[in-house]
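Shown next, in structure tokens, is the structure this report addresses.
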Amino acid sequence: MKKSAVSSEASASLPQPVSRTPQSNRPRLDFAKRTANRQLSTRDLLALLRSEAPKLYDLAQVVGRWVWIQFSEKQPPQVTAVLAQLGFHWNTKRQLWQHPCGVLSDGSPDDPRDKYGSFFAADQQAA
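Shown next as structure tokens:
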């Protein structure tokens, strides 16, 4: 499984959320945009990642119709805010970011990669 950390250099190239909350240094999210992004199809999400966050696109693993992104270490708030704005949510059990691509389903104790298969989007692009 491909895992990587996005460096602070790389995080500077990621799209930035709208603004910062006054109480903290955490970026503020546009929840209407986040909700709309969660409805994007797998193809549309991958196109968005490829154009707006190529470092994240390189890590994107397609599992069934969902997209997963996993890092080897904790990411800075700027990276997690970008992921959240794009419609990803954190899965504590699997320790990765998931995007439902408009397909909501109940969690499973089994690994969905076994049932649906998976591939890295960047690998498919090169083929």
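Residue numbers (this note's numbering): 6 to 132. Heads up, the beta-carbon is just placed ideally off N, CA and C, and yes, glycines get one too. Because the structure is a prediction, the values reported are computed rather than measured.
Item to complete: Could you give the DSSP three-state label for Q83: helix, strand or coil?
Response: helix
Fill in: Length-filtered (4 minimum) alpha helix (DSSP H) runs lying within the region 35 to 78
36 to 43, 47 to 57 and 59 to 62
Discussion item. A127 and D49 - do their beta-carbons sit closer together than 9 Å?
Written reply: no
Item to complete: Rank E78, F76 and L51 by C-alpha distance to the C-alpha of V67 and give the top, closest one.
Response: L51
Discussion item. According to DSSP, is R118 part of a helix, a strand, or is it coil?
Written reply: helix
Worksheet item: So, A41 versus V87, is the Cβ gap smaller than 9 Å?
Response: no
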